[in-house]
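K.L.:
Protein chains in written order, with UniProt numbering: chain A, 1 to 388; chain B, 1 to 388.
(1) Examine the ligand NAP and report whether any of its heavy atoms sits within less than 8 Å of the Cβ of residue 276 of chain B.
(2) Can you tell me the Cβ-Cβ gap for residue 83 of chain A and residue 108 of chain A, rounded? I've got them flagged as a contact below 8 Å.
(3) Suppose only complete runs of 4+ residues qualify. What are the alpha helix (DSSP H) ranges in the region 100 to 139 of chain B, listed by chain order?
(4) Keeping to the same chain, check which residues put their C-beta closer than 8 Å to that of residue 54 of chain A; ignore five residues upstream and five downstream.
(5) Counting only Cβ-Cβ distances shorter than 9 Å, please list the residues of the region 65 to 78 of chain A near chain B, keeping chain order.
(6) Just how far apart, CA to CA, sit residue 359 of chain A and residue 367 of chain B?
(7) So, at 6 Å on beta carbons, what are the nonlocal neighbours of residue 348 of chain B in its own chain, with the 5 sequence-adjacent residues on each side left out?
(8) Which first and last residues belong to the alpha helix (DSSP H) in which residue 199 of chain B is found?
(9) Would residue 309 of chain A pass as an interface residue toward chain B - the criterion being a Cβ-Cβ separation below 9 Å?
(10) Between the Cα of residue 91 of chain B and those of B:12, B:112 and B:17, spot the shortest distance and give me the residue it belongs to.
(11) Is it buried or exposed, residue 256 of chain A, if we count other Cβ atoms within 10 angstroms and call 16 or more buried?
(12) Which residues of the region 327 to 349 of chain A have a Cβ closer than 9 Å to any Cβ of chain B? Give them in chain order.
(13) Could you tell me the alpha carbon to alpha carbon distance between residue 195 of chain B and residue 238 of chain B, rounded to whole angstroms?
(14) At what residues does the alpha helix (DSSP H) containing residue 242 of chain A begin and finish?
(15) What's the call for residue 219 of chain B, buried or exposed, on a 16-neighbour Cβ count within 10 Å?
(16) Can you tell which of B:210, B:39, B:40 and B:5 has the C-alpha that lies nearest to the C-alpha of residue 26 of chain B?
(17) DSSP on residue 184 of chain B, reduced to helix/strand/coil?
(18) Secondary structure at residue 360 of chain B, three-state DSSP: helix, strand or coil?
(19) Please list the terminal residues of the continuous alpha helix (DSSP H) segment that includes residue 383 of chain B.
(20) Do the region 286 to 306 of chain B and the region 207 to 224 of chain B meet, that is, are 3 or more Cβ pairs less than 8 Å apart?
(21) On the three-pair Cβ rule with 8 Å, is the region 25 to 40 of chain A touching the region 304 to 319 of chain A?
(22) Using the Cβ count rule (16 or more neighbours within 10 Å means buried), how would you classify residue 158 of chain B?
(23) Under DSSP, the beta strand (DSSP E) around residue 70 of chain B begins and ends at which residues?
(24) Can you check whether the C-beta of residue 231 of chain A is within less than 9 Å of a C-beta belonging to chain B?
(25) Distance check for residue 378 of chain A and residue 304 of chain A, CA to CA, integer angstroms please.
(26) Can you tell which of A:145, A:279 and A:235 has its C-alpha closest to the C-alpha of residue 389 of chain A?
(27) Please state whether the Cβ-Cβ distance between residue 344 of chain A and residue 189 of chain B is less than 9 Å.
(28) Given this structure, state the Cα-to-Cα distance separating residue 89 of chain A from residue 385 of chain B, to the nearest angstrom.
(29) For a contact defined as C-beta to C-beta under 7 Å, what are the partners of residue 165 of chain B on chain A?
(30) Would you verify that the beta carbon of residue 125 of chain A is, or is not, closer than 9 Å to some beta carbon of chain B?
(31) How should residue 374 of chain A be labelled, buried or exposed, when 16 other C-beta atoms within 10 angstroms of its C-beta is the threshold for buried?
(32) Please list, in chain order, the residues of the region 77 to 97 of chain A that have any C-beta partner in chain B closer than 9 Å.
(33) Are the region 158 to 176 of chain B and the region 121 to 134 of chain B in contact at 8 Å, needing three or more beta carbon pairs?
(34) Output the boundary residues of the alpha helix (DSSP H) element that contains residue 176 of chain B.
(35) Check whether the Cβ of residue 48 of chain A lies closer than 9 Å to any Cβ atom in chain B.
(36) Return the Cβ separation of residue 73 of chain B and residue 101 of chain B in integer angstroms, given the expectation that the two are a contact with Cβ distance under 8 Å.
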């Protein structure tokens, strides 16, 4: 919670404009986060993961500070360019791309692409020919699987291939005349273990050596995201991650350090945003005294809090009654969908005096909230958002 | 798949307008479904659950045929009224409502409200006073918990209270001067067991008797939704549900049958809609011959297929290669979100010849798709929708 957000919410209430949940994001925090990343990893280029929060003000602020951008789609590329980034500062980091989207990205000037199989390499080569971009000007990096141990939102096997296959994929790119540029991985979102990069860097170093044996000289390691934001538990500072990553890089690459990039999303904007929501109902399922209490908010899984899926992300919730004793509550959203329950397996302690009509503040809500909101489920509008 | 949808998709392709996934819904099927419900339960009023698909054309068609509407929010109430329904044909069926939303609904003429606790009854009484509606004109029904056994999308304990508490809630409404009108329950969405209503109707009958002892004469049983649509497995016809429900009603209420309503959503529009999507990538995670195949579509969990959550709803998928032998595939969406995987625990058999760029047809996609779509996650636009 920052003073600027507190003031904004106070004025919004005084003006009677406080209808419906809202996410407010403080750009000062984003600036501080960017500076911290740049300092913690001084020789690493920062590619902000646009999907975490694509608000134009966030992108403009980061573009001005020198950030590069990791994008998932043509629309996100266009947003990054509109925010003032040049195309050489944009990576098309989604391993799943339509060939016509790759062609469009090339036309927009993007030259850095993620792949995790030969079929995706072939698409890039064909798309380059189609839009008359020299294949050797197109940089391709191959994503490898990573076990994600230690992450709170661990990644599935959806992206990446095994390291041995990555060597073949990069050779395939090289033989197709593309620039076989490097390796990427992702240690899992909200990664609490600063040492989590070590194993993946060992694999990356192996891929560099195997490719060198085949005459292919890779240049870059994309260290991905995973940098956490604070929810309920304290998380290590960015500088701890920087130190640990630098140690692992030196351990595995010796004095031939590769070019590196990082892709923070949650770590860049998570703690900059806060959601204000309203308690719609407090009830019990029976009159029994020991019956668990249900608290229903006007925001839920389909209104922006999708990351509560399987109770993965556990937000810090502030109320005006936080000095009071707490009782374990099931926390749920406002829709008629039975799956719209935020915390039930592990009930959430909330003040016994929390009542219908009270506002609650959900901290660490700057990332992966606004764009996850459903377009109109149950007639509820998407999450409002203000960047200040 | 209907001929009308097939023709529409063919013309869309011929015009080169087939960019991005699309849901196409055939109103003729909706009309047939409405007629089937009306025939199967001739003495029951049909309240279409707007949340399943609030497309204006669907609401207008159903309003013309005489349907009533079950709504989850003020916006859905306004949509039902705009479609031509009078306010006496609208139920505010969400048990979680802001007091100011109840007041707005009353101002719009709605008089039928769901509750599941005394606090919600109090809101309704206060709201009626605030907008000068006589309390006795406001009908309140209390939702009870139901175990949902046999349902493919079983309900949580989010809505409803235990039957014993419902008696107290209805007495509370009665003493507040509201019209204590009846009982509702929901046997679980995509309910395959036609006998599932029996247990809940036993509870409803008990509540009617207990209330009568306290001098309160209830009138109505809201039988909820749960009527399935066909996905992979065949489901019983609507007439089987009608027969089973009538038997259960007679068993528990004898010759004093209450007024009844049903709230079909999925059963009304599910089989009327089909999604056309595109294969973006087919790949493996390693070169091993027995490695599972991954198929990535341009629609996923955040683009409209939210009901694949926990692999609950398993859609029927048609391709142009359906005579070919199939291989088990992991099916995933196009976003950079690792949770955007549709079927992995139980892989989905797809033709071995299915290739990048192929179109696939997802059947039974008329309900709970368009409105679940995220507003802009990863820069992907919400699901396009055509009602024909």
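C-beta atoms are modelled at their ideal positions from N, C-alpha and C, and glycine is treated no differently.
P.N.:
Checking against the coordinates, here is how it stands:
(1) Absent from the structure shown: the ligand NAP. Ligands present: none.
(2) As a working mapping, residue 83 of chain A is identified with position 83 in the first chain. As a working mapping, residue 108 of chain A is identified with position 108 in the first chain. With 8 Å as the limit, residue 83 of chain A and residue 108 of chain A do not qualify as a contact, their Cβ atoms being about 13 Å apart.
(3) 118 to 130
(4) Start at 1 with the first residue of the first chain, and residue 54 of chain A comes out as number 54. Excluding sequence neighbours, residue 54 of chain A sits near 76, 79 and 371.
(5) 70, 71, 72, 73, 74, 75, 76, 77 and 78
(6) Position 359 of the first chain, counted from the first residue, corresponds to residue 359 of chain A. Position 367 of the second chain, counted from the first residue, corresponds to residue 367 of chain B. Rounded to whole angstroms, residue 359 of chain A to residue 367 of chain B spans 33 Å at the Cα level.
(7) Locating residue 348 of chain B in the second chain gives position 348, counting from the first residue. Hits under 6 Å: 329 and 331.
(8) Residue mapping note: residue 199 of chain B aligns to position 199 of the second chain, counting from 1. Residue 199 of chain B -> alpha helix (DSSP H) spans 197 to 213.
(9) Position 309 of the first chain, counted from the first residue, corresponds to residue 309 of chain A. Yes, residue 309 of chain A counts as interfacial toward chain B.
(10) For the purposes of this step, residue 91 of chain B is taken as residue 91 along the second chain, with counting starting at 1. For the residues B:12, B:112 and B:17, the minimum Cα distance to residue 91 of chain B belongs to B:112.
(11) Against the first chain, residue 256 of chain A aligns to sequence position 256. Residue 256 of chain A is exposed by the Cβ-count criterion.
(12) 330, 332, 333, 334, 335, 336, 337, 338, 339, 340, 341 and 344
(13) As a first step, residue 195 of chain B is located in the second chain; it is residue number 195 there, counting from the start. As a first step, residue 238 of chain B is located in the second chain; it is residue number 238 there, counting from the start. Straight-line Cα distance between these residues: approximately 13 Å.
(14) Taking the first chain and counting its residues from 1, the one referred to as residue 242 of chain A is at position 242. Residues 238 to 253.
(15) Residue mapping note: residue 219 of chain B aligns to position 219 of the second chain, counting from 1. So residue 219 of chain B ends up on the exposed side.
(16) In the second chain, counting from the first residue as 1, residue 26 of chain B sits at position 26. The candidate whose alpha carbon is nearest that of residue 26 of chain B is B:5.
(17) The residue given as residue 184 of chain B occupies position 184 in the second chain. If DSSP states are grouped into helix, strand and coil, residue 184 of chain B belongs with the strands.
(18) Translated into the one-based positions of the second chain, residue 360 of chain B becomes position 360. Strand at residue 360 of chain B.
(19) On the second chain, position 383 is the one that residue 383 of chain B refers to. Unbroken run through residue 383 of chain B: none, as it is neither H nor E.
(20) no
(21) no
(22) Along the second chain, one-based indexing puts residue 158 of chain B at 158. Looking at its Cβ environment, which holds 16 or more other Cβ atoms inside 10 Å, residue 158 of chain B is buried.
(23) Numbered from its first residue, the second chain carries residue 70 of chain B at position 70. Taken as a continuous stretch (DSSP letters only), the beta strand (DSSP E) holding residue 70 of chain B covers 68 to 71.
(24) Locating residue 231 of chain A in the first chain gives position 231, where the first residue counts as 1. It does not: the Cβ of residue 231 of chain A has no partner Cβ on chain B nearer than 9 Å.
(25) On the first chain, residue 304 of chain A is found 304 positions in, with the first residue counted as 1. On the first chain, residue 378 of chain A is found 378 positions in, with the first residue counted as 1. So the two alpha carbons sit approximately 14 Å from each other.
(26) For chain A, the structure presents residues 1 to 388; residue 389 of chain A sits outside this window and is missing.
(27) The sequence position of residue 344 of chain A within the first chain is 344, counting from 1. The sequence position of residue 189 of chain B within the second chain is 189, counting from 1. No, they are not a contact pair.
(28) Taking the first residue of the first chain as 1, we reach residue 89 of chain A at position 89. Taking the first residue of the second chain as 1, we reach residue 385 of chain B at position 385. Residue 89 of chain A and residue 385 of chain B: Cα-Cα distance of roughly 35 Å.
(29) If you number the second chain from 1, residue 165 of chain B lands on position 165. The contacting residues are 286 and 287.
(30) Within the first chain, the letter at position 125 stands for residue 125 of chain A. It does not: the Cβ of residue 125 of chain A has no partner Cβ on chain B nearer than 9 Å.
(31) Here residue 374 of chain A refers to the residue found at position 374 of the first chain. Buried, since its Cβ has 16 or more Cβ neighbours within 10 Å.
(32) 77, 78, 79, 93, 94, 95, 96 and 97
(33) yes
(34) One-based indexing of the second chain puts residue 176 of chain B at position 176. Taken as a continuous stretch (DSSP letters only), residue 176 of chain B belongs to no alpha helix (DSSP H), as it is neither H nor E.
(35) Here residue 48 of chain A refers to the residue found at position 48 of the first chain. Chain B contact via Cβ: absent.
(36) Position 73 of the second chain, counted from the first residue, corresponds to residue 73 of chain B. Position 101 of the second chain, counted from the first residue, corresponds to residue 101 of chain B. Right, their Cβ atoms sit about 7 Å apart.
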